[in-house]
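Taking it in order: structure first as structure tokens, then the write-up.
Protein chains in written order, with our numbering: chain A, 735 to 850; chain B, 23 to 137.
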């Protein structure tokens with residue numbers, strides 16, 4: 735089954751304790767992205783990756799890191815989490831079609847993070 | 023400036039009636055794509071419908087249709103014959119340019135279908 739998986743689905747942690755949220759897709763998509771969802775703000779992009787070893791900042795990258803060592807995986811790293819990073823996080827992937835096709839993004843199930 | 027604006031934080035509709043969820047966008051790129059996603063209470067993001075900027079006809083997918091008014095920069099989602107299972111958060115999103123996968127999302131509209 736074609737899918738994007740995220741782990742963990744739920745996480746409660748404390749300020750300053752490093753954590754990683756994993757993301758993996760099995761559709762051989764070039765493009766992957768991380769978003770955070772907060773009430774009244776919709777989804778805001780944190781980082782994205784056009785392909786292996788190619789990553790770039792989105793709209794809200796402060797406090798986050800990513801890596802793309804393999805095509806299928808795109809982990810999100812919070813080196814020193816703070817309470818303002820409490821949010822619902824989504825990983826997404828899409829093919830990169832230079833012919834400007836639909837290229838909708840396929841989303842993971844989400845990770846609800848609470849930082850105390 | 024907001025790229026995608028959804029002005030209705032919440033909407034109510036009676037079961038079996040049609041409802042329109044508003045979305046306006048802002049771009050100077052002639053090539054763009056518009057998307058709608060549904061997020062039920064379980065949290066997952068479900069792709070509903072897509073409209074390309076060069077598409078001549080309004081997109082339709084089953085009970086979903088997109089009222090695309092290019093000159094007004096609006097891409098409203100119309101749900102016909104609402105069902106209780108349509109109660110969810112709905113997000114409008116835009117991708118700008120030909121060689122770009124990045125999407126910008128609106129704040130969302132929470133739709134409640136009343137029995």
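Glycine included, every Cβ here is placed at the ideal spot set by N, Cα and C.
| query | result |
| --- | --- |
| Quick one: does residue 808 of chain A have its CB under 8 Å from some CB of chain B? | no |
| What residues match up with residue 840 of chain A in a beta bridge as DSSP calls it? | A/827 |
| Measure the beta-carbon distance from residue 43 of chain B to residue 106 of chain B and round it to whole angstroms, keeping in mind my assumption that it falls under 8 Å. | 17 Å between Cβ atoms; not a contact. |
| Which partner residues of residue 799 of chain A appear in the DSSP bridge assignment? | A/811 |
| Mind checking the stretch 775-804 of chain A against chain B and listing, in chain order, the residues whose C-beta falls within less than 7 Å of any C-beta there? | 775, 776, 777, 779 and 782 |
| Can you tell which of A/839, A/775 and A/784 has its C-alpha closest to the C-alpha of residue 825 of chain A? | A/839 |
| With a cut-off of 8 Å, does the C-beta of residue 47 of chain B fall near any C-beta of chain A? | no |
| Using three-state DSSP, classify residue 793 of chain A as helix, strand or coil. | coil |
| What are the residues in the stretch 64-96 of chain B lying within 7 Å of chain A by C-beta distance? | 65, 66, 67, 69 and 72 |
| Can you give me the C-alpha to C-alpha distance between residue 744 of chain A and residue 31 of chain B, rounded to a whole angstrom? | 26 Å |
| Identify the contact partners of residue 843 of chain A in chain B, using a Cβ-Cβ distance below 8 Å as the criterion. | 65 and 66 |
| Kindly provide the ranges of any beta strand (DSSP E) runs that are 3 or more residues long and lie completely inside the stretch 39-114 of chain B, ordered along the chain. | 41-43, 54-61, 68-74, 86-91 and 96-101 |
| With three or more beta-carbon pairs closer than 8 Å as the criterion, would you say the stretch 46-56 of chain B touches the stretch 792-811 of chain A? | no |
| With a CB to CB cut of under 7 Å and the five nearest residues on each side skipped, what residues in its chain are close to residue 771 of chain A? | 777, 821, 822 and 824 |
| Between residue 127 of chain B and residue 55 of chain B, what straight-line distance do the alpha-carbon atoms span, to the nearest angstrom? | 12 Å |
| Who are the neighbours of residue 821 of chain A on chain B, taking C-beta pairs under 8 Å? | Per Cβ cutoff of 8 Å: no residues; residue 821 of chain A is ~12 Å from chain B at best. |
| From the DSSP output, which residues share a beta bridge with residue 785 of chain A? | A/788 |
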